[in-house]
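All remarks here apply to the structure that follows.
Number of protein chains: 4
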Amino acid sequence: MTAGEPAPQRDWLGPERLLAFSDGVVAIGLTLLVLPLAELVPDAEEPHGSGLEIITENLAPIGSFALSFAVIARFWAAHHRVFDDAPRVSPLLVWVNTVWLFTIVVMPFPTEMVGTFPDDAFTLRFYVGTLFASSALLTVMTFLVQRSRAPADRGLKHGSGGTGAVLLLIFLVTLVAPQLGYWPLLLLFLSGPAEALLAPRVERLLRRARN
Amino acid sequence: MTAGEPAPQRDWLGPERLLAFSDGVVAIGLTLLVLPLAELVPDAEEPHGSGLEIITENLAPIGSFALSFAVIARFWAAHHRVFDDAPRVSPLLVWVNTVWLFTIVVMPFPTEMVGTFPDDAFTLRFYVGTLFASSALLTVMTFLVQRSRAPADRGLKHGSGGTGAVLLLIFLVTLVAPQLGYWPLLLLFLSGPAEALLAPRVERLLRRARN
Amino acid sequence: MTAGEPAPQRDWLGPERLLAFSDGVVAIGLTLLVLPLAELVPDAEEPHGSGLEIITENLAPIGSFALSFAVIARFWAAHHRVFDDAPRVSPLLVWVNTVWLFTIVVMPFPTEMVGTFPDDAFTLRFYVGTLFASSALLTVMTFLVQRSRAPADRGLKHGSGGTGAVLLLIFLVTLVAPQLGYWPLLLLFLSGPAEALLAPRVERLLRRARN
Amino acid sequence: MTAGEPAPQRDWLGPERLLAFSDGVVAIGLTLLVLPLAELVPDAEEPHGSGLEIITENLAPIGSFALSFAVIARFWAAHHRVFDDAPRVSPLLVWVNTVWLFTIVVMPFPTEMVGTFPDDAFTLRFYVGTLFASSALLTVMTFLVQRSRAPADRGLKHGSGGTGAVLLLIFLVTLVAPQLGYWPLLLLFLSGPAEALLAPRVERLLRRARN
Numbered sequence: 209m210t211a212g213e214p215a216p217q218r219d220w221l222g223p224e225r226l227l228a229f230s231d232g233v234v235a236i237g238l239t240l241l242v243l244p245l246a247e248l249v250p251d252a253e254e255p256h257g258s259g260l261e262i263i264t265e266n267l268a269p270i271g272s273f274a275l276s277f278a279v280i281a282r283f284w285a286a287h288h289r290v291f292d293d294a295p296r297v298s299p300l301l302v303w304v305n306t307v308w309l310f311t312i313v314v315m316p317f318p319t320e321m322v323g324t325f326p327d328d329a330f331t332l333r334f335y336v337g338t339l340f341a342s343s344a345l346l347t348v349m350t351f352l353v354q355r356s357r358a359p360a361d362r363g364l365k366h367g368s369g370g371t372g373a374v375l376l377l378i379f380l381v382t383l384v385a386p387q388l389g390y391w392p393l394l395l396l397f398l399s400g401p402a403e404a405l406l407a408p409r410v411e412r413l414l415r416r417a418r419n
Numbered sequence: 209m210t211a212g213e214p215a216p217q218r219d220w221l222g223p224e225r226l227l228a229f230s231d232g233v234v235a236i237g238l239t240l241l242v243l244p245l246a247e248l249v250p251d252a253e254e255p256h257g258s259g260l261e262i263i264t265e266n267l268a269p270i271g272s273f274a275l276s277f278a279v280i281a282r283f284w285a286a287h288h289r290v291f292d293d294a295p296r297v298s299p300l301l302v303w304v305n306t307v308w309l310f311t312i313v314v315m316p317f318p319t320e321m322v323g324t325f326p327d328d329a330f331t332l333r334f335y336v337g338t339l340f341a342s343s344a345l346l347t348v349m350t351f352l353v354q355r356s357r358a359p360a361d362r363g364l365k366h367g368s369g370g371t372g373a374v375l376l377l378i379f380l381v382t383l384v385a386p387q388l389g390y391w392p393l394l395l396l397f398l399s400g401p402a403e404a405l406l407a408p409r410v411e412r413l414l415r416r417a418r419n
Numbered sequence: 209m210t211a212g213e214p215a216p217q218r219d220w221l222g223p224e225r226l227l228a229f230s231d232g233v234v235a236i237g238l239t240l241l242v243l244p245l246a247e248l249v250p251d252a253e254e255p256h257g258s259g260l261e262i263i264t265e266n267l268a269p270i271g272s273f274a275l276s277f278a279v280i281a282r283f284w285a286a287h288h289r290v291f292d293d294a295p296r297v298s299p300l301l302v303w304v305n306t307v308w309l310f311t312i313v314v315m316p317f318p319t320e321m322v323g324t325f326p327d328d329a330f331t332l333r334f335y336v337g338t339l340f341a342s343s344a345l346l347t348v349m350t351f352l353v354q355r356s357r358a359p360a361d362r363g364l365k366h367g368s369g370g371t372g373a374v375l376l377l378i379f380l381v382t383l384v385a386p387q388l389g390y391w392p393l394l395l396l397f398l399s400g401p402a403e404a405l406l407a408p409r410v411e412r413l414l415r416r417a418r419n
Numbered sequence: 209m210t211a212g213e214p215a216p217q218r219d220w221l222g223p224e225r226l227l228a229f230s231d232g233v234v235a236i237g238l239t240l241l242v243l244p245l246a247e248l249v250p251d252a253e254e255p256h257g258s259g260l261e262i263i264t265e266n267l268a269p270i271g272s273f274a275l276s277f278a279v280i281a282r283f284w285a286a287h288h289r290v291f292d293d294a295p296r297v298s299p300l301l302v303w304v305n306t307v308w309l310f311t312i313v314v315m316p317f318p319t320e321m322v323g324t325f326p327d328d329a330f331t332l333r334f335y336v337g338t339l340f341a342s343s344a345l346l347t348v349m350t351f352l353v354q355r356s357r358a359p360a361d362r363g364l365k366h367g368s369g370g371t372g373a374v375l376l377l378i379f380l381v382t383l384v385a386p387q388l389g390y391w392p393l394l395l396l397f398l399s400g401p402a403e404a405l406l407a408p409r410v411e412r413l414l415r416r417a418r419n
């Protein structure tokens with residue numbers, strides 16, 4: 209805390225608590241997704257149907273639970289990767305992270321809407337739009353963290369830009385062709401392997417171009 | 209643990225576990241806010257209405273969820289700032305922090321009341337009063353942490369005093385003019401930028417005055 | 209990991225993850241207590257009553273929520289104190305800690321029973337019995353941690369023995385005089401100051417007696 | 209980050225955040241198990257029955273809650289043991305850990321089904337099958353962590369292989385003899401002491417054989 213520039217140092221926080229807090233919020237958001245499933249089971253006092261029927265008659269809520277779990281887990285891993293050995297975080301980054309956490313915390317709401325209205329076009333767009341917003345905010349955070357690094361370390365991390373682009377594409381598909389339903393989201397799980405395949409080559413090219 | 213003063217050292221705890229525990233409680237409180245929203249969605253077995261209607265017919269609960277999320281996230285950031293590189297914490301601080309956590313944990317209750325009774329004066333005052341209590345306790349904690357620092361480090365941190373003053377003002381407004389509803393709470397989100405603008409100047413003045 | 213004694217070292221774990229996990233469970237248990245309160249609020253679609261009525265007509269659930277919050281927060285602080293700078297933890301201690309976590313996780317169940325049946329003698333005993341079991345397990349953990357310290361460090365920590373004794377007393381009172389209701393639990397909050405007053409003197413006596 | 213092998217180092221993450229995140233998810237999954245119990249208690253506004261009746265009439269949900277708590281706590285301890293002083297974790301391990309977390313998060317769903325349909329063969333197999341899947345994934349993770357160690361450190365840790373084998377056995381029993389109900393799960397709690405008894409001898413043999 210030199211006298212010359214006390215303001216920036218004071219406002220930039222160490223990332224540990226921010227990350228621990230974010231991890232906590234994501235872990236809870238992920239786990240709360242199961243609560244609507246638990247509510248599908250009738251009360252012990254007045255059981256009706258059977259265990260198997262509860263599953264076969266509720267494939268839409270169970271599927272939306274599994275899909276949201278997979279997507280949030282994937283976003284968490286991307287968040288982990290973005291902040292891995294990040295330096296101190298700026299107030300702007302804290303703010304963007306808070307909005308990102310909002311998109312995660314709100315997820316049980318669109319997830320349950322998908323379970324109840326599996327064929328509704330608005331619900332589809334609302335669900336995919338939330339995922340796209342979350343992914344776009346991760347991309348913004350990737351950019352902000354990159355910018356706060358020393359120039360020499362930049363470009364060595366590939367963040368969530370690929371996922372963001374895929375989700376933008378899926379979101380546009382839901383706008384023009386909602387009849388395809390949730391199938392375009394499978395692209396999301398193909399983007400990982402594709403990125404893993406392409407990223408090292410892109411980087412090698414970039415590094416050569418720089419040298 | 210010298211023989212001369214064993215008592216204070218034994219009762220003062222390292223802040224790590226206190227902060228991790230507080231972060232956990234706040235993260236869960238923040239995330240549980242979504243549960244009433246998830247309950248707005250009808251069961252998958254007997255769907256009625258549509259995805260869009262669930263949103264347009266429940267603007268009050270959705271708005272109170274978003275407002276409470278924003279306020280708790282803001283309080284968490286203030287808590288983070290208050291305790292950043294704090295020395296060991298006294299039993300009194302642990303106690304005040306526990307009461308503060310109570311004001312956070314209880315938030316889903318007034319939040320849901322706001323969603324159900326958006327025009328009720330008592331509910332408005334109860335909600336804003338809870339926020340004010342939470343903010344006042346943060347100010348008390350700022351003061352207690354400041355006092356435990358070495359004198360040279362004091363005054364370099366601006367804590368949540370500004371937010372506390374704004375919430376006291378808003379609380380007074382709800383007492384005399386409840387018909388204004390929740391709009392005065394917008395001041396809360398203006399106080400951040402205002403403080404960021406003013407604080408460095410105030411501090412520069414203070415530092416000059418001290419030298 | 210010398211060849212001579214690999215078994216004990218391999219089974220004794222570092223306390224960090226155990227404590228972080230316990231803190232997480234307690235933080236969630238504490239926060240879930242509010243959910244029954246949030247359910248007291250009628251749905252936004254069919255509001256009846258007023259904000260004030262929800263509070264005045266539900267004093268028993270609100271009171272049991274506040275009481276359980278205060279007790280769990282107190283137990284957490286005691287747990288913090290027991291494990292503060294503890295060495296590696298034995299499998300037995302992990303096991304006792306798991307049973308202790310069970311008594312914390314189960315708390316929303318007796319808490320809600322108290323809110324529904326405030327005058328029921330069985331409910332009173334079940335609630336106080338759960339608290340006593342939790343406190344007794346804390347005392348066992350205090351003892352186990354003490355034993356794992358070097359002899360020179362023993363006796364310098366006063367754990368939760370006082371709270372355990374007070375809860376045993378209160379539990380016995382509920383068995384013979386359930387008509388006193390929940391009032392004897394107030395003793396719990398007096399035991400803290402009493403212990404703070406007495407402990408240093410007892411210790412000074414002990415230290416003198418040892419020298 | 210030498211120029212020679214940047215790819216593996218970049219994709220392998222430090223285990224701290226993965227473990228903290230997993231601990232958070234398990235802690236929440238464990239704690240959410242109590243929510244169906246809390247819902248057994250009638251509303252404070254319309255109490256019926258008594259505190260004792262709520263317990264005696266709901267032994268199946270209470271038993272399934274206690275059983276799931278014990279099993280998840282045991283799995284967490286096994287997870288702790290698998291990752292204790294693990295080196296950096298590979299993307300594959302992150303992926304397997306995510307699927308494992310899914311088996312934990314989903315637990316409240318089969319647990320509540322057991323509480324409602326205690327005599328249903330499908331429910332029994334679904335519940336035990338979930339436990340077996342979770343345990344098998346732990347065994348896979350044990351293997352993956354072992355492989356990432358230096359050869360000299362391998363074989364010194366006994367992981368969750370024993371539990372996995374016991375659960376496979378119990379799962380097979382539920383397939384051929386569902387009328388035995390949940391009793392075979394007791395084997396799970398006997399496998400711990402058996403392993404503790406046998407493991408040091410097996411290891412001593414292994415170490416002798418190696419020297």
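Protein chains in written order, with the working numbering: chain A, 209 to 419; chain B, 209 to 419; chain C, 209 to 419; chain D, 209 to 419. C-beta: ideal position from N, C-alpha, C; glycine also.
Any contact between the stretch 263-279 of chain A and the stretch 310-325 of chain A? By contact I mean 3 or more CB pairs, one from each, below 8 Å. Counting Cβ pairs under 8 Å, three or more are found: they touch.
Helix, strand or coil for VAL314 (chain C) per DSSP? VAL314 (chain C) sits in coil when the DSSP states are folded into three classes, being neither helix nor strand.
Would you say VAL353 (chain D) and VAL314 (chain C) are within 9 Å of each other, going by their C-beta atoms? Contact: no.
Counting contacts by CB-CB distance shorter than 9 Å, is TRP308 (chain B) in contact with chain A? Chain A contact via Cβ: absent.
Name, please, each residue of chain B whose Cβ falls closer than 7 Å to the Cβ of ALA228 (chain A). Those within 7 Å of ALA228 (chain A) in chain B are ALA228 and ASP231.
Is it a yes or a no for the stretch 223-230 of chain C touching the stretch 274-291 of chain B, going by three-plus beta-carbon pairs under 8 Å? Too few Cβ pairs lie closer than 8 Å, so no.
If you follow the alpha helix (DSSP H) that ALA385 (chain B) is part of, which residue opens it and which one closes it? Counted as a single uninterrupted DSSP element, the stretch harbouring ALA385 (chain B) is not any alpha helix (DSSP H), since DSSP gives it neither H nor E.
Leaving out five residues before and five after PHE291 (chain C) in sequence, what residues of the same chain have Cβ atoms less than 7 Å from its Cβ? So the qualifying residues of the chain are PRO223, LEU227 and VAL353.
Taking buried to mean at least 16 other C-beta atoms within 10 Å of its own C-beta, is ARG409 (chain B) buried or exposed? The residue is exposed, with fewer than 16 neighbouring Cβ atoms inside 10 Å.
Is there at least one Cβ from chain B nearer than 9 Å to THR239 (chain C)'s Cβ? Yes - at least one Cβ of chain B is within 9 Å of the one on THR239 (chain C).
Short CB-CB distance (under 9 Å) between SER272 (chain A) and chain D: It does not: the Cβ of SER272 (chain A) has no partner Cβ on chain D nearer than 9 Å.
First through last residue of the alpha helix (DSSP H) which encompasses ASP231 (chain D): Its alpha helix (DSSP H) spans residues 223-240.
Taking C-beta to C-beta, are LEU393 (chain D) and ALA344 (chain D) nearer than 9 Å? Contact flag unset, no.
Mind pulling the chain D residues with CB within less than 9 Å of GLU320 (chain C)? Near GLU320 (chain C) (Cβ distances below 9 Å), the residues of chain D are LEU245, ALA246, GLU247, LEU248, VAL249 and ALA252.
What residue range is occupied by the uninterrupted alpha helix (DSSP H) comprising PHE351 (chain A)? Counting along the chain, the alpha helix (DSSP H) containing PHE351 (chain A) begins and ends at 329-356.
Taking the alpha-carbon of GLU265 (chain D) as reference, which of D:SER276, D:ASP251 and D:LEU245 has the nearest alpha-carbon? When each option's Cα is compared against that of GLU265 (chain D), the closest is D:LEU245.
Going along chain B in order, which residues have a C-beta closer than 8 Å to the C-beta of PRO316 (chain A)? Within chain B, the residues near PRO316 (chain A) are VAL242, LEU243, LEU245 and ALA246.
When you measure from the CB of VAL374 (chain A) to every non-hydrogen atom of the ligand ADP, does any distance come out below 8 Å? Judged by which ligands are present, the structure shown has none, so any question about the ligand ADP falls away.
Can you say whether ASP327 (chain C) is buried or exposed, counting buried as having 16 or more other CB atoms within 10 angstroms of its CB? By the 10 Å Cβ count, ASP327 (chain C) comes out exposed.
Let me know if LEU413 (chain A) comes out buried or exposed under the rule of 16 or more other beta-carbons within 10 Å of its beta-carbon. With a threshold of 16 other beta carbon atoms within 10 Å, LEU413 (chain A) falls short and is exposed.
Are the beta-carbon atoms of GLY237 (chain B) and ILE312 (chain B) separated by less than 9 Å? Yes, they are a contact pair.
Contacts around ARG333 (chain B), its chain only, beta-carbon distance under 8 Å, and the 5 residues preceding and following it disregarded: PHE379, THR382, LEU383 and PRO386.
Under the rule that 16 or more other beta-carbon atoms within 10 Å means buried, what is GLY370 (chain B), buried or exposed? Result: buried.
Distance between beta carbons of VAL234 (chain B) and VAL304 (chain B), contact taken as under 8 Å: Not a contact, Cβ separation roughly 15 Å.
Cutoff 8 Å; reference GLY257 (chain B); Cβ partners in own chain excluding five residues on either side: PRO250 and GLU265.
Beta carbon of LEU240 (chain A) nearer than 9 Å to that of LEU240 (chain D): Cβ distance < 9 Å, so LEU240 (chain A) and LEU240 (chain D) count as in contact.
Leaving out the 5 sequence neighbours to the left and right, which residues in its chain are closer than 7 Å to SER342 (chain A) when beta-carbon positions are compared? By the criterion of a C-beta distance shorter than 7 Å, SER342 (chain A) is surrounded in its chain by PHE283, TRP308, THR311 and ILE312, once the five residues flanking it on both sides are discounted.
What residues from chain A crowd round TRP284 (chain B), counting only those whose CB sits closer than 7 Å? Neighbours of TRP284 (chain B) on chain A, chain order: PHE229.
What in chain B is Cβ-close to THR331 (chain A), meaning under 7 Å? By Cβ distance, chain B contributes GLY259.
For PRO214 (chain D), name the three-state secondary structure that DSSP assigns. With a pLDDT of 36 at PRO214 (chain D), under the threshold of 50, the modelled position of this residue cannot be trusted; read the value that follows with caution. Helix.
Contact belief for PHE340 (chain C) with GLY259 (chain D) at Cβ below 8 Å, rounded distance in angstroms: Here PHE340 (chain C) is actually not in contact with GLY259 (chain D); their C-beta atoms are around 17 Å apart, not less than 8 Å.
For GLY372 (chain B), is the classification buried or exposed, using 16 other Cβ atoms within 10 angstroms of its Cβ as the cut-off for buried? Buried, since its Cβ has 16 or more Cβ neighbours within 10 Å.
Under the three-state reduction of DSSP, which class applies to VAL304 (chain A): helix, strand or coil? DSSP, read as helix, strand or coil, puts VAL304 (chain A) in helix.
Report yes or no: is there a C-beta of chain B within less than 9 Å of the C-beta of THR264 (chain A)? It does not; no Cβ of chain B falls within 9 Å.
For VAL279 (chain B) and LEU396 (chain B), which I take to be in contact (beta-carbon distance under 8 Å), what is that distance rounded to the nearest angstrom? Taking C-beta atoms under 8 Å as the contact rule, VAL279 (chain B) and LEU396 (chain B) qualify, at a distance of about 7 Å.
Could you check what DSSP says for VAL297 (chain A) in three-state terms: helix, strand or coil? VAL297 (chain A) falls in the strand class under three-state DSSP.
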